[in-house]
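Chemist:
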Amino acid sequence: MFNLATFTMTFTTLLLAELGDKTQLTAIALASRGNPLKVFAGCSVGFLLINLIAVVAGGIA
27 MFNLATFTMT FTTLLLAELG DKTQLTAIAL ASRGNPLKVF AGCSVGFLLI NLIAVVAGGI
87 A
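First residue of the sequence shown? That's 27 in the working numbering, and the numbers climb one at a time after it.
Dropping the structure here:
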């Protein structure tokens, strides 16, 4: 079952833990060359999907 509180806590924790990693540096480089809004949207969707997979997998285990 989907638990919004668990999802929000996981998303926030991972967001704070991953600040400054190579993915963020790549996003900055892409945003400097292209459309920053599209880069932000793509990164946000990707991060959301990764966290959703983690929450679902955690719920199964």
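Ideal placement from N, C-alpha and C gives every residue a C-beta, glycine not left out.
None of these values were measured; they are calculated from a predicted model.
1) Would V65 and F33 be called neighbours here (beta carbons separated by less than 8 Å)?
2) Please list the terminal residues of the continuous alpha helix (DSSP H) segment that includes L42.
3) Spatial neighbours of C69 within its chain, please: CB distance less than 8 Å, with the 5 preceding and 5 following residues excluded, ordered by chain position.
4) Can the beta-carbon of N77 be found closer than 8 Å to that of F37?
5) Measure the C-alpha to C-alpha separation of L56 and G84 and round it to an integer number of angstroms.
Modeler: Let's see:
1) In this structure, F33 does not lie closer than 8 Å to V65 by Cβ.
2) Looking at the DSSP string, the run of the alpha helix (DSSP H) that includes L42 is 30–43.
3) Answer for C69: T49, A53, listed in chain order.
4) Cβ atoms of N77 and F37: closer than 8 Å.
5) 32 Å
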